[in-house]
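Asks:
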Amino acid sequence: MRILRAAEYRSMPWKNGGGVTTEIAVSPAGAALDDFDWRISMARVESGGPFSGFAGVDRTLAVLEGEGIILDIAGRPAATVTKASAPLSFPADVPTQAALIAGPITDLNVMTRRGRMTHAVERVVISAPMDIQSAADTTLIQCFDGEITIAGAAPVRIGPRDTLLLGPDALKWRLEPARTATLFVISIERVAAND
4 MRILRAAEYR SMPWKNGGGV TTEIAVSPAG AALDDFDWRI SMARVESGGP FSGFAGVDRT
64 LAVLEGEGII LDIAGRPAAT VTKASAPLSF PADVPTQAAL IAGPITDLNV MTRRGRMTHA
124 VERVVISAPM DIQSAADTTL IQCFDGEITI AGAAPVRIGP RDTLLLGPDA LKWRLEPART
184 ATLFVISIER VAAND
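Just so we're on the same page, the numbering used here is the position in the sequence shown counted from 1, plus 3.
Right, dumping it as structure tokens:
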């Protein structure tokens with residue numbers, strides 16, 4: 004178990020130069036935008052426009068703050084993503100245009116290298132203790148708002164925007180919210196090599 008504190012996240016320009024992204028975690032450690040296996044980040048989107056393209060990458064986007072965003076993903080009907088909607092998964096290597104619904108948003112981006120890794124993202128709102136099992140190769144739990152305590156011999160507190168990084172230990176972790184908290188549970192699996 005590792006705790007990634009929001010104050011320690013790394014900020015950098017978007018690949019297309021249109022804004023700034025805050026990198027929460029990347030694998031392998033220190034990987035650049037063109038050679039990561041997986042990457043979790045947050046971005047403030049101030050205006051509409053094209054998304055950066057990432058060859059061979061699958062992406063999931065969730066809205067954290069703001070009214071939402073409409074994505075025009077090539078080959079698909081336009082999709083509206085808001086704080087209330089499920090995270091949206093799409094290929095990061097097809098042309099994608101974004102239009103803001105009403106003002107800037109902050110979003111959560113999860114990206115995995117196709118053929119190497121897969122991922123799933125779930126928004127979970129908890130107001131009572133909850134058990135979570137870390138059975139995936141990597142599980143990340145981002146506490147978007149509120150705070151949670153991870154119960155155990157040495158309880159650990161996770162505050163707003165902090166992230167808990169769990170390995171494939173298949174342990175059950177008890178999450179205890181101080182009050183209602185919104186979490187994003189991200190599961191990342193390595194694709195089995197073909198024999």
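Glycine included, every Cβ here is placed at the ideal spot set by N, Cα and C.
Can you name, in chain order, every residue of its own chain whose Cβ lies under 8 angstroms from the Cβ of Thr24, other than the five neighbours on each side?
Replies: These residues qualify, in order along the chain: Ser14, Met15, Pro16, Trp17, Ser44, Met45, Ala46, Asn112.
Asks: Going by Cα to Cα distance, which pick from Ile153, Ser190, Arg126, Arg116 is closest to Ile41?
Replies: Sequence inspection shows Trp at residue 41; the Ile mentioned does not correspond to that position. The shortest Cα separation from Trp41 among Ile153, Ser190, Arg126, Arg116 belongs to Arg116.
Asks: For Ala139, which residues in the same chain have their Cβ closer than 7 angstroms to its Cβ, ignoring the five residues on either side in sequence?
Replies: Only Pro171, Ser190, Ile191, Glu192 meet the Cβ criterion.
Asks: Per DSSP, what kind of secondary structure is Ala34 in: helix, strand or coil?
Replies: Three-state DSSP puts Ala34 in coil, outside helix and strand.
Asks: Which term fits Thr145, buried or exposed, when burial requires 16 or more other beta carbons within 10 angstroms of its beta carbon?
Replies: Reading off the sequence shown, one finds Gln at residue 145, where the question assumed Thr. Classification of Gln145: buried, given that the 10 Å Cβ count is 16 or more.
Asks: Is Glu179 helix, strand or coil when you go by DSSP?
Replies: Strand.
Asks: I need the boundaries of the beta strand (DSSP E) containing Glu192, first residue and last residue.
Replies: Note, Glu192: beta strand (DSSP E), 184-193.
Asks: Looking at the unbroken beta strand (DSSP E) that takes in Leu168, where does it start and where does it end?
Replies: Start and end: 166-169.
Asks: Is DSSP giving Ala131 helix, strand or coil here?
Replies: Three-state result, Ala131: coil.
Asks: Where DSSP assigns a beta bridge to Ile27, which residues make up the other side?
Replies: DSSP, once it has assigned bridges, lists no residue as partnering Ile27.
Asks: Around the C-beta of Ala65, are 16 or more other C-beta atoms found within 10 angstroms, so that it is buried, or is it exposed?
Replies: By the 10 Å Cβ count, Ala65 comes out buried.
Asks: If you run the structure through DSSP and keep just helix, strand and coil, what is Glu68?
Replies: Strand at Glu68.
Asks: Can you tell me where the beta strand (DSSP E) with Phe93 in it begins and where it stops?
Replies: 91-94 is the span of the beta strand (DSSP E), which, as asked, contains Phe93.
Asks: Reducing DSSP to helix, strand and coil, say where Glu11 ends up.
Replies: Looking at Glu11 - three-state DSSP - the assignment turns out to be helix.
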